[in-house]
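Read through the structure below, which is laid out as structure tokens, and then see the notes.
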Amino acid sequence: MAEAPARARRADVCVVGAGLAGLTAARRLSAAGVKAVVLEARDRVGGRTYSVESGGLHLDLGGQWIGPTQDRMAKLVADLGIETFPTHHAGRKVLFTGDRRSTYTGDIPSMAPHRLVLLQATISRIERLCRRVGAGPEPWTRPDAARWDGETLESWARRNIPSRPVRGVMDVAVRTVFGAEAGELSLLYALSYLAAGGGLMRVVNIHDGAQERRFTRGAQSVAVALAAGLGPRVILNAPVRAIDHGGSRVRVRTDAGDFSASRVVVAVPPVMAGRLDYAPALPAPRDELTQRFPMGATIKLHALYDRAFWRDEGYSGEALFTGGPVAVVFDNSSPDGARGALLAFSVGAAARRLGAMTAEARRRTVLDQLVRSFGPRAAEPVAFLEKDWSADPWTRGCPTGILPPGVLSVFGPALRPPVGPIHWAGTETATEWTGYMDGAVQSGERAADEVLAALGSAG
Numbered sequence: 008m009a010e011a012p013a014r015a016r017r018a019d020v021c022v023v024g025a026g027l028a029g030l031t032a033a034r035r036l037s038a039a040g041v042k043a044v045v046l047e048a049r050d051r052v053g054g055r056t057y058s059v060e061s062g063g064l065h066l067d068l069g070g071q072w073i074g075p076t077q078d079r080m081a082k083l084v085a086d087l088g089i090e091t092f093p094t095h096h097a098g099r100k101v102l103f104t105g106d107r108r109s110t111y112t113g114d115i116p117s118m119a120p121h122r123l124v125l126l127q128a129t130i131s132r133i134e135r136l137c138r139r140v141g142a143g144p145e146p147w148t149r150p151d152a153a154r155w156d157g158e159t160l161e162s163w164a165r166r167n168i169p170s171r172p173v174r175g176v177m178d179v180a181v182r183t184v185f186g187a188e189a190g191e192l193s194l195l196y197a198l199s200y201l202a203a204g205g206g207l208m209r210v211v212n213i214h215d216g217a218q219e220r221r222f223t224r225g226a227q228s229v230a231v232a233l234a235a236g237l238g239p240r241v242i243l244n245a246p247v248r249a250i251d252h253g254g255s256r257v258r259v260r261t262d263a264g265d266f267s268a269s270r271v272v273v274a275v276p277p278v279m280a281g282r283l284d285y286a287p288a289l290p291a292p293r294d295e296l297t298q299r300f301p302m303g304a305t306i307k308l309h310a311l312y313d314r315a316f317w318r319d320e321g322y323s324g325e326a327l328f329t330g331g332p333v334a335v336v337f338d339n340s341s342p343d344g345a346r347g348a349l350l351a352f353s354v355g356a357a358a359r360r361l362g363a364m365t366a367e368a369r370r371r372t373v374l375d376q377l378v379r380s381f382g383p384r385a386a387e388p389v390a391f392l393e394k395d396w397s398a399d400p401w402t403r404g405c406p407t408g409i410l411p412p413g414v415l416s417v418f419g420p421a422l423r424p425p426v427g428p429i430h431w432a433g434t435e436t437a438t439e440w441t442g443y444m445d446g447a448v449q450s451g452e453r454a455a456d457e458v459l460a461a462l463g464s465a466g
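The numbers in the sequence shown follow the working numbering, run straight up by one, and end at 466.
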């Protein structure tokens, strides 16, 4: 005789994932008097925000910046009393076009005059296309949506940017924003993503851009504070394996036992949501969407130094490489600048190659890039930290999910609508600042409001 199933713990709502989206949803539901539990696979909260302390520095191995117009995140940070500080960017920046090294100031890399004109024209054209797509929930309804979704960002760039060096600079921006190559991205998806953040320049800039400020104690401090407010309702080491939603209540099966709820909010990346077992099976469009929604590839690497020596020589700590294992470098020093740190991003195809190396080979490779940028003192950091998000079993990549051609226009309508009692959150479902922390907060608020409406209508 088969054993009777263990009694499931009861809640009004189960939230899957203790990243910013899931914690925001649970906070909003709890404030409305709804009993919500958050089920997290990891032994920590924060999802794609992950902060560590080393040598007195709070370093972010995941998402780390906040900028203008990210109003939901700014309000949350203010409500929680979390401090931020400006990202350092004063001084000369380094540009490597192939093996050629040059320096520049300002937001636009210095190039030969004819290339600079083309670069500025390309930026203006992309900004116009972003405005045509607009920020909103249904980019697939735009008049040119099917055509834009039928080609890659790379094919568009090859037609419209005749200069290889200019394409190289644009490719760096694309790789860093998406963790992917331009050839992996639908043009429609790329434009709608950029539009959701206010356009290309706002997304890539420090001043008046998405990288304007950092968190004094790391970005994960936001999730930690949210979780503290929820207390024992956040359950760690509880990976969800299955969601049975065919009965009067939903049964959520986890490694920490089963839970019974009226509604469920799945607040993990689409690729991870697609790996759960659903009974009954999800509608085909939703299932096919998650099959086609992989994560970008990003490795963050930090080199720590006794002091920010590059500042003494007039450098901002920023570097940009059109080729090689590293795409961009930022100054990631302490708020007072007393302890130095350089942050290198390896993204897209380069990250996949770098991730296949040994840890020591990665270290040597990245430090070589830093030495080329800022001189021999960069070769001897006091510490070196890294995080390969593609190797993380509960995310499988960063910073966001990416869509190839032909997906958004066909399966996009299945991204946000609930499936019975199952609601979808996560930054990929946001309509503003998609892929960013602000987008995660927006998605959590929306999902919570959907649940409250459903519970209200059910009495």
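Quick reminder that beta carbons are idealized off the backbone N, C-alpha and C, glycines included.
All figures in this text were calculated on a predicted structure; none of them were measured in a lab.
What whole-angstrom Cβ distance do R55 and G74 have, given they're in contact under 8 Å? For this step, residue 55 is matched to residue 48 along the sequence shown. For this step, residue 74 is matched to residue 67 along the sequence shown. Actually they are not in contact, since the Cβ atoms of R55 and G74 sit about 17 Å apart, beyond 8 Å.
Closest residue to W440 among M364, H430, D78 and G362 (Cα-Cα distance): Against the sequence shown, residue 440 aligns to sequence position 433. The residue with the shortest Cα to Cα distance from W440 is D78.
Compare the C-beta of P425 with all C-beta atoms of chain D and state if any pair is closer than 8 Å. Protein chains in the displayed structure number just one, and chain D is not present.
With distances taken Cα to Cα, identify the nearest neighbour of F418 among T329, Q298, A189 and V257. To locate residue 418, count along the sequence shown from 1; it is residue 411. When each option's Cα is compared against that of F418, the closest is Q298.
Report the CB separation of A234 from L392 in whole angstroms; it is logged as a contact under 8 Å. As a first step, residue 234 must be located in the sequence shown, where it is residue number 227. As a first step, residue 392 must be located in the sequence shown, where it is residue number 385. Actually they are not in contact, since the Cβ atoms of A234 and L392 sit about 23 Å apart, beyond 8 Å.
Please report the straight-line C-alpha distance between R404 and R282, rounded to a whole angstrom. Counting from 1 along the sequence shown, the entry for residue 404 is found at position 397. Counting from 1 along the sequence shown, the entry for residue 282 is found at position 275. At residue 404 the sequence reads Gly, which differs from the Arg that was named. Approximately 15 Å, taken between the alpha carbons.
Nearest residue (CA-CA) to T436, options R224, P428, P277 and A39: As a working mapping, residue 436 is identified with position 429 in the sequence shown. The shortest C-alpha separation from T436 is found at P277.
I'd like to confirm the pairing. Which residues does DSSP put opposite L349 in its beta bridges? Here residue 349 refers to the residue found at position 342 of the sequence shown. The partner list for L349 (beta bridge, DSSP) reads A310 and D338.
Taking Cβ to Cβ, would you say R220 is nearer than 8 Å to F92? Indexing the sequence shown from 1 puts residue 220 at position 213. Indexing the sequence shown from 1 puts residue 92 at position 85. Contact: yes.
Exposure of D86, with buried meaning 16 or more beta-carbon neighbours within 10 Å: By one-based count along the sequence shown, residue 86 stands at place 79. That one is exposed.
Rounded to whole angstroms, how far is the Cβ of R51 from the Cβ of L243, which I believe are closer than 8 Å? Reading the sequence shown from its first residue, position 44 is the one you call residue 51. Reading the sequence shown from its first residue, position 236 is the one you call residue 243. With a Cβ gap of about 7 Å, R51 and L243 count as contacting.
8 Å Cβ shell around I127 - same chain, five flanking residues per side excluded: On the sequence shown, residue 127 is found 120 positions in, with the first residue counted as 1. For the sequence presented, residue 127 should be read as Gln rather than Ile. Closer than 8 Å at the Cβ level, and outside the excluded window around Q127, lie I115.
So what does DSSP say about V45, is it helix, strand or coil? The sequence position of residue 45 within the sequence shown is 38, counting from 1. Reduced to three states, the DSSP call for V45 is strand.
Cutting at 7 Å between CB atoms, please list the residues of its own chain near V426, excluding the five before and the five after it. What you label residue 426 is simply residue 419 of the sequence shown in a count that begins at 1. Answer for V426: L289, P290 and R293, listed in chain order.
By the three-class DSSP mapping on this structure, what secondary structure does V20 have? On the sequence shown, residue 20 is found 13 positions in, with the first residue counted as 1. In the structure shown, V20 sits in a strand (DSSP, three-state: E or B).
Which residue from R258, V229 and A263 puts its Cα closest to that of L284? Walking along the sequence shown from the start, residue 284 turns up at place 277. A small correction: the amino acid at residue 284 is Asp; Leu does not occupy that position in the sequence shown. It is R258.
Please list the segments of the alpha helix (DSSP H) lying wholly inside the segment 276-303, counting only runs of 4 or more residues, in order along the chain. 277-280 and 291-298
Going by DSSP, what residues sit across from P93 in a beta bridge? Reading the sequence shown from its first residue, position 86 is the one you call residue 93. Beta-bridge annotation (DSSP): P93 is paired with R220.
Which listed residue (V458, S464, R453 and A460) has its alpha carbon closest to that of P144: Position 137 of the sequence shown, counted from the start, is the residue given in the question as residue 144. Just measuring C-alpha positions, the residue of V458, S464, R453 and A460 sitting nearest P144 is R453.
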